[in-house]
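Okay, so the sequence shown: first residue is 1 according to the UniProt record's numbering, each after it adds one. Ideal Cβ placement from N, Cα and C applies to all residues, glycine included. To start, the structure itself, in structure tokens.
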Amino acid sequence: TLTLFLSTARRARIFLGNYGAHCSWKNNETNRKQTDAMALIQSLRLLRPATRTPVARLAQSFHVGRPSGASVQDGAGGKRQKKDRVAPEAEQHQQDKSVQSEEVRISEFKKMRLQALEEVRERGVIKETHPRLVHRKKPMSVPAFRKIWKDAKLDDPSNAEVVTLYGRVQSVRLHGNKLVFVTIVNEFEKIQGMINYRNLGSVPDMNIDTFKLFARLIEKGDHISITGKPTRTSTGELTLQAIVLPELLSPAMEQIPQTLTDPATKAQKRHVDMMVNPEVADVLRMRSHITKYMRDYFHDQSFLEFQTPILAENAGGAVARSFTTQATEFPSKELSLRIAPELWLKRLVVGGVHKVFEIGPAFRNEGIDGTHNPEFTMCEFYSAYTNLPELIDRTEELLAGLARHCQELIDTKLTSLQPIDQSKFARPFRQLEFVPALEEALGFRLPKLTGTDAYSELVAVLALSQIEVPGGIPPTMPKLLDRLAAVYLEPKSFEGPLFITHHPTCMSPLAKSFVCPKTMQLVSARTELFVNGRELANMYEEENDPAAQARKLAEHRFFGTGKDAAPLEADDPHPLRDAPLDKSYIRALEAGLPPTGGWGCGVERLVMLFSGASRISDCLSFGTLRNVVGLSAEAPQNRSESS
């Protein structure tokens, strides 16, 4: 049996009475007793280490449903084989080793905090370490508090109204034994709290020992509430003067460092990185403001936001390697996470939603680098009766407005980020036609790109001209043209935003085509926007001829890209020859898709542009897929981390 005596003395003691190597019940006893006993043992895990050790040993030796060394009755009254018992000495050694391993994991800081919290509980300073939040008449955020009393004189704080502020402790400063200044952060803004022992004289059971005990208890990272009145210090700083002892809401059991620079630790402890390095949180906050601005922009332009399927039989839209899975409801079908929402959104246009947009996740089972992650966020919009020049005009309007809005945020809220050069986003943006510009850069005319021998002819001309393609000659015409554009055209966007227009039709299977009067090449009514060498947005007039669309998709199953898609590499081990043709989309076009302009942009790339982030991982809440998968690993010791 287990006898528990919880004393009312200064420290709780646990006396373990007579119990065998195991505590167990027979199967025919109720599950309630078993559950209650296990819950009781688990509830003791927050006790002092000296007391926790024998309890941990007991918990590890605890087996529910079978007496020690006894046979277990099966449901039919028969017997299963008796399990051999482990030698008591070996079992005790295993238990001791496990308990010691658990103790090693507890940092010295955590041990100190546990002891301090136990002491203040015993002294009655706090009742519990993680209390439920008590309703207050005047709860207020720090930003609201600063806004209300920013310009108030506050000559006599005794006449000011009482408010309660909540926040995380950023710093604690002791001034003697009777005065403490605490800086708390709430909604990314700071406020100073002043706890003066002289002002707490009317508080019941308040004495100097209790005050000093609480002052020594508060640590950086704790969540507390301060109830008091607004005042100003002698230096004029707006301050909340406590009228009661602040309440501890949630203590930090992990020490918050002063600096954090080690990349591995930053990835493992993103939450700490956000607390220590303001620019980390500011980039993510910028992302939130950007998506809100875009939603507001589209709503103001009479667009409707729809959510389209993420899991379906066809990945949809762009040609890229998809993530596949199965559903228990359809065990014989292979399902895919969507690559893009494009085909779904165009079905909505067919259905009469003539202005539609979506901001949501997309997935591509491809590599991870500075600008690509298998999971990312796309913004796409489709507008009926809209042509390419109108798409370009809307893009310039959106980007210029975003640049101004983000700069306002940097000036007021996201102050750790670098300013934005507004001159770069002056309208109109520069435009460059794909084929004429590439011919000028290469020094020769391109062969007719729709011809059956166009690829071999272009490769031969490149060889005769002694032009080397970085990374070698890609195996298809679309990939070769894309590689040449990356070398000769896209770098021009470092001078300012650049629209590269009218790509050869083989590069754009979902776009309408026409013959360019300058080059007599069959090109697409398409443009890509590049800024600082990176593709930012892709837009085109949508192909709405069902027969032409079916032919283009069938041809493009061998190669190509879609909106915001990076081309597959030449050594791709999973060619797209067997990629399913979305016949249901072709049937939807039979119902009539009006002339429609479509636009797609990766949200993370917008965030990189306006926040100054150099890697896509900085724009994702918990980094790239590599970081997310690695979260289960033990974080390495951070040599660049100081307390």
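Would you give the residue range spanned by the beta strand (DSSP E) that residue i belongs to?
{"i": "V629", "result": "Looking at the DSSP string, V629 is not in any beta strand (DSSP E); the run it does join, the alpha helix (DSSP H), is 625-629."}
{"i": "R526", "result": "526-531"}
{"i": "Q326", "result": "324-327"}
{"i": "P230", "result": "223-232"}
{"i": "S513", "result": "513-515"}
{"i": "E247", "result": "247-250"}
{"i": "Q241", "result": "238-242"}
Provide the residue(s) that pair with residue i in DSSP beta bridges, ordered along the chain.
{"i": "L179", "result": "H175, N196"}
{"i": "K552", "result": "Beta-bridge pairing links K552 to no other residue."}
{"i": "K355", "result": "S383"}
{"i": "P139", "result": "T164"}
{"i": "N314", "result": "Paired residue(s): none; N314 is not in a bridge."}
{"i": "R534", "result": "V531"}
Are residue i and residue j close, meaning C-beta to C-beta below 8 Å?
{"i": "L489", "j": "L438", "result": "yes"}
{"i": "S322", "j": "N373", "result": "no"}
{"i": "Q268", "j": "F109", "result": "no"}
{"i": "L388", "j": "E528", "result": "no"}
{"i": "P251", "j": "R347", "result": "no"}
{"i": "M286", "j": "S611", "result": "yes"}
{"i": "A537", "j": "C619", "result": "no"}
{"i": "I195", "j": "A242", "result": "yes"}
{"i": "F444", "j": "V469", "result": "no"}
{"i": "L432", "j": "F514", "result": "no"}
{"i": "A357", "j": "E305", "result": "Reading off the sequence shown, one finds Phe at residue 357, where the question assumed Ala. Yes, Cβ-Cβ distance for F357 and E305 is below 8 Å."}
{"i": "I359", "j": "T371", "result": "no"}
{"i": "V435", "j": "P331", "result": "no"}
{"i": "S493", "j": "V531", "result": "yes"}
{"i": "L165", "j": "N186", "result": "yes"}
{"i": "L240", "j": "G193", "result": "yes"}
{"i": "N314", "j": "S288", "result": "no"}
{"i": "G533", "j": "P475", "result": "no"}
State buried or exposed for residue i, treating a residue as buried only when at least 16 other CB atoms are found within 10 Å of its CB.
{"i": "Y385", "result": "exposed"}
{"i": "I191", "result": "buried"}
{"i": "P595", "result": "exposed"}
{"i": "R526", "result": "buried"}
{"i": "T231", "result": "buried"}
{"i": "I218", "result": "buried"}
{"i": "A547", "result": "exposed"}
{"i": "R587", "result": "exposed"}
{"i": "A403", "result": "buried"}
{"i": "E397", "result": "exposed"}
{"i": "Q549", "result": "buried"}
{"i": "R626", "result": "exposed"}
{"i": "V629", "result": "exposed"}
{"i": "G597", "result": "buried"}
{"i": "D482", "result": "buried"}
{"i": "G623", "result": "buried"}
{"i": "V272", "result": "buried"}
Over the uninterrupted alpha helix (DSSP H) stretch that includes residue i, give me the two end residues.
{"i": "S611", "result": "603-611"}
{"i": "L284", "result": "278-300"}
{"i": "L213", "result": "208-217"}
{"i": "V459", "result": "454-464"}
{"i": "T261", "result": "From DSSP, T261 is part of no alpha helix (DSSP H); its letter is neither H nor E."}
{"i": "R394", "result": "388-412"}
{"i": "R587", "result": "583-590"}
{"i": "D442", "result": "For the record, residue 442 in the displayed sequence is Leu; it is not Asp. Segment 434-442, the alpha helix (DSSP H) holding L442."}
Going by DSSP in three states, residue i sits in which element: helix, strand or coil?
{"i": "R364", "result": "coil"}
{"i": "R347", "result": "helix"}
{"i": "E29", "result": "Low confidence applies to E29: its pLDDT is 46, below 50, so where it sits in the model is not reliable enough to give any reading."}
{"i": "R577", "result": "The predicted model places R577 with a pLDDT of 37, which falls under 50 and marks its position as unreliable; any figure quoted below should be read in that light. Note: R577 maps to coil in three-state DSSP."}
{"i": "R48", "result": "The pLDDT assigned to R48 is 44, lower than 50, so where the model puts this residue is not dependable, and the model offers no usable value."}
{"i": "P491", "result": "helix"}
{"i": "R449", "result": "The sequence as given places Leu at residue 449; Arg does not occur at that position. Coil."}
{"i": "S640", "result": "Only weak support is given to the placement of S640: the predicted model assigns it a pLDDT of 43, under 50, and the value that follows is read from those uncertain coordinates. If DSSP states are grouped into helix, strand and coil, S640 belongs with coil."}
{"i": "M112", "result": "helix"}
{"i": "H22", "result": "Note that H22 scores a pLDDT of 38, beneath 50, so its modelled location is shaky; the value from the coordinates is reported in the next line. It is coil, neither helix nor strand."}
{"i": "T505", "result": "helix"}
{"i": "A340", "result": "coil"}
{"i": "V469", "result": "coil"}
{"i": "S332", "result": "strand"}
{"i": "K266", "result": "helix"}
{"i": "E119", "result": "helix"}
{"i": "I184", "result": "strand"}
{"i": "F376", "result": "strand"}
{"i": "L620", "result": "coil"}
Does the ligand GTP have a heavy atom nearer than 7 Å to the CB of residue i?
{"i": "P447", "result": "Among the components modelled here there is no ligand, and therefore nothing to report on the ligand GTP."}
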